[in-house]
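Asker:
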Amino acid sequence: FFLFLGLLQNNGQCHCKPNVCSGTCSVCKDGYFNLQSGSFFGCQGCQCDIGGSVGQSCGERTGRCRCRPNVEGSKCNMPRPDHYFPDLHHLKFEIEEGTMLDGRPVRFGYNPLEFEGFSWRGYAQMSSIQVSPL
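Residues -16 to -1, 1 to 118 in mature numbering (1 follows the signal peptide of the UniProt record, and there is no 0) are what the sequence shown spells out, letter by letter.
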C-alpha cells in the first residue's frame, strides 16, 4: 500500500522517498522543497548559492533561498546593482600557514622551480591526510 510519498510498513511508520521525512512522509528534508508524489526523490534540492545565501534551506513551497545583504534572486546568485559578492574562485588563502584543529602544522609540498621568482611558495599541494585545516 503506497501512501502519498512513502511505503506504509506494518508498524504504521512510512519508509519515505530520499528527500522526504516525517512519520507520514509529508515534509521535505531541510535543503529541499516542492513535495511531489510523482517525483522519484519526493522533493527538489534548493540549490541556494553558497556565497550569496544565508544557508542551504529554502521556502518549502517556493524554493526561494534566504539571501545575504545586497544579494537577490530565488537562489541568491545575483548581486544587487552596484554590488558584488565573491564566488569560490575569488577566495585566496595562505593555507600552508594554517594549523590543524589539534594545533599541528598543515602538511604540504611545493616545487620551487614551478614558480621561479615567485615571492613565496606558489601553489602548494595539500595532503589528503588532513581533512580540516584551520
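Yeah, the Cβ is synthetic: ideal placement off N, Cα and C, and Gly gets one too. Note that the coordinates shown come from a computational prediction; the quantities given were computed from them, not determined experimentally.
#1: Give the secondary structure of E56 by DSSP, where H, G and I count as helix, E and B as strand, and everything else as coil.
#2: Excluding the 5 residues flanking F69 on each side, which residues of the same chain have their C-beta closer than 8 Å to its C-beta?
#3: For C32, which beta-bridge partners are listed by DSSP?
#4: Quick check: the Cα distance between F25 and C(-1), rounded to an integer number of angstroms?
#5: Among all the DSSP beta bridges, which residues are the ones paired with C9?
#6: For C12 versus D33, is the C-beta distance shorter than 9 Å?
#7: What does the Cβ neighbour count give for G47, buried or exposed, with the cut at 16 atoms within 10 Å?
Answerer: The structure says:
#1: Counted from its first residue, the sequence shown places residue 56 at position 72. Strand, per DSSP.
#2: What you label residue 69 is simply residue 85 of the sequence shown in a count that begins at 1. G35, G36, R52, N54, V55, P63, listed in sequence order.
#3: Counting from 1 along the sequence shown, the entry for residue 32 is found at position 48. C32 is not bridged to any residue.
#4: For this step, residue 25 is matched to residue 41 along the sequence shown. For this step, residue -1 is matched to residue 16 along the sequence shown. Cα to Cα, the separation comes out at about 9 Å.
#5: Taking the first residue of the sequence shown as position 1, residue 9 is located at position 25. Beta-bridge pairing links C9 to no other residue.
#6: Reading the sequence shown from its first residue, position 28 is the one you call residue 12. Reading the sequence shown from its first residue, position 49 is the one you call residue 33. Taking 9 Å as the Cβ cut-off, C12 and D33 do not qualify as a contacting pair.
#7: Numbered from its first residue, the sequence shown carries residue 47 at position 63. That one is buried.
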